[in-house]
Each structure stands twice: as structure tokens, then as C-alpha cells.
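Numbering (the working numbering), first residue to last: 1 to 269.
Every residue gets a Cβ at the ideal spot worked out from N, C-alpha and C, and that includes glycine.
See below for the structure under consideration.
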Ligand SMILES: [Zn+2]
């Protein structure tokens, strides 16, 4: 995933997974004088939640002597997530969860932040648990094109797209948590007040139960999907990436998912 001279942007939320990732990458990076590390945090604008996490992230970066770059929904899109959730309620889009919006907006924000700090890799702290949950989530949603798009190392298919890597994709969440506890790291332990992915929660419980009965099953699921992805790439080819007609950011459609969502809410700049 990494080369000796990479400039790595690490997505740091302030939670245990990303804090562990930051510490481990900082440790590795010490041995590679040509490599550099910078932490990026997306401030979605969630009052009483993100502000605390942001303070913890800043504190960890200072301790490790790592540059910290913060990008906010407010400056990027003109609205905080709190504003968007309020509008969601007004528009009565009760079928759509805040997570669906936040996920798309955050993905784009992270890519822009990584580009701003001139990184050529963007590392996120997705664990084996996150990855296997997402596989099932996409399956149960019938979102087949997304199943094979979620790769531990993305292809570089557009100059504006920073390559994303997931160094923890084969590491169970229990282990990243244990690492954070053993090293006595400070991290935010509160769940997001908007967390509403009911289906993901059911899948999490199901997978944990399976793992307890059949040790190693999450790893097997992850490895199976890796093989399927490789096979489908050979037959299906890859989607072409162009630039969004509204914002100029990379997308596979006419306009990007972010602009589409903000347009639906009549919140497009
Ligand atoms: Zn756009």
C-alpha cells in the first residue's frame, strides 16, 4: 500500500481506529526519511460531538508532531451537517438517513483535503469489521456495483482523485481498540448523535455472532470478496471518471453524488 517516498494523508476522526492508525503510521514513517505524514480531519458540523473529537485529534497530532489539516462541511458546502439534518426533516425525507448524506459529503471532503496537503495517498482506518459489514450492507441493498468498488487500494483513475488505502482492512476492530487502550491513547468514545444505520447494526451483530462460533469467518468473507472483485474487473471493465458539471470534482455521472444530494435539498450553493 505504501512506497518509501509517499506523502500520506491520514483521515483522523478522533475515534479509536483512526487514532491507532495515526500512531502506527507515525511509528513506521520514522524509518523512511523521504516519506511524510499529515493528518486530515473533516469537521461535519455536529454540535456537541465533532467539536470534542476535533480537540482530541489536534491533541494527538501535537503529541506526535504531525501537521493537522481540518476541512469543514460549512466552508466546503456552505452548510453544516446539523443544517442538512434540519432540512432533511423539513423536506420529510424520512427514508434517507443522515449517514447516507454524511458519508457521501465526507468522502468528497477527504479527497479535497488530501489534495490540498499535496498527498498522493489517503489512508483511512476502515477495519476488517467495517469492510465485511459494508460487503453485506451493499449486498442487502442490492448495490452490486458498489460491492466491487470498495477496494483496499483504489485505482488511480483521475488526476483529481487521491489514491485511497485501508491499512487496517485485515485487522479486526477488537485489535485496533486493544492497541489504543494498551498505548493509553486518548480518543473519543461517544457514538455520533445521528448514527442511524439500523441495517449495519443488525449486520454487525450477525457477523460478531458468526465470528464467535466460527473464528476467522470475517477474514474469509473479506478474502472471498477480494477474489470476486478481481474476477468481475476482468469481465466488466472499469467505469469512466469525468468531472462534475457543477463543482468540477471527479465523478462517474453527469454531476457528482454530493451536488445531486444538495440539489435535492435545495441547498446547492
Ligand atoms: Zn459536484
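What three-state label does DSSP hand residue i in the structure shown?
i: residue 46; result: coil
i: residue 33; result: coil
i: residue 104; result: helix
i: residue 126; result: coil
i: residue 74; result: helix
i: residue 121; result: strand
i: residue 24; result: helix
i: residue 254; result: coil
i: residue 97; result: coil
i: residue 53; result: helix
i: residue 113; result: helix
i: residue 295; result: Past the edges of the chain, shown from 1 to 269, lies residue 295, and the structure says nothing about it.
i: residue 132; result: helix
i: residue 242; result: strand
i: residue 41; result: strand
Quick check: is any heavy atom of ligand 1 less than 7 Å from the C-beta of residue i?
i: residue 255; result: yes
i: residue 75; result: no
i: residue 266; result: no
i: residue 246; result: yes
i: residue 132; result: no
i: residue 242; result: no
i: residue 258; result: yes
i: residue 226; result: no
i: residue 44; result: no
i: residue 150; result: no
i: residue 197; result: no
i: residue 90; result: no
i: residue 173; result: no
i: residue 249; result: yes
Might you give, ordered along the chain, the residues of its own chain that have their beta carbon closer than 7 Å to the beta carbon of residue i, omitting 5 neighbours on each side?
i: residue 26; result: 37, 64, 66
i: residue 171; result: 127, 128
i: residue 58; result: 68
i: residue 211; result: 217, 218
At the 8 Å Cβ level, is residue i part of the contact set with chain D, yes or no?
i: residue 211; result: The chain labelled as chain D is not found in the depicted structure, where only one protein chain is given.
To which residues of the same chain is residue i closer than 8 Å at the C-beta, ignoring the five residues directly before and after it?
i: residue 61; result: 12, 22, 39, 67, 68
i: residue 241; result: 157, 158, 161, 250, 251, 252
In chain order, what residues of the same chain lie with their CB nearer than 6 Å to the CB of residue i, ignoring the 5 residues before and after it?
i: residue 257; result: 104
What runs of the alpha helix (DSSP H), each 4 residues or longer, lie entirely inside the stretch 147 to 235? 173 to 182, 198 to 213
When you compare the stretch 51 to 59 with the stretch 83 to 94, are there three or more beta-carbon pairs, one atom per stretch, that lie closer than 8 Å? no
Please determine if the stretch 204 to 223 and the stretch 117 to 129 are in contact, where contact requires at least 3 C-beta pairs separated by less than 8 Å. yes
Cβ contact check for the stretch 175 to 186 and the stretch 232 to 248: 3 or more pairs under 8 Å: no
Between the stretch 189 to 201 and the stretch 96 to 114, do three or more beta carbon pairs fall short of 8 Å? yes
Stretch-stretch touch, CB-based, cutoff 8 Å, three pairs: the stretch 1 to 10 with the stretch 173 to 182: no
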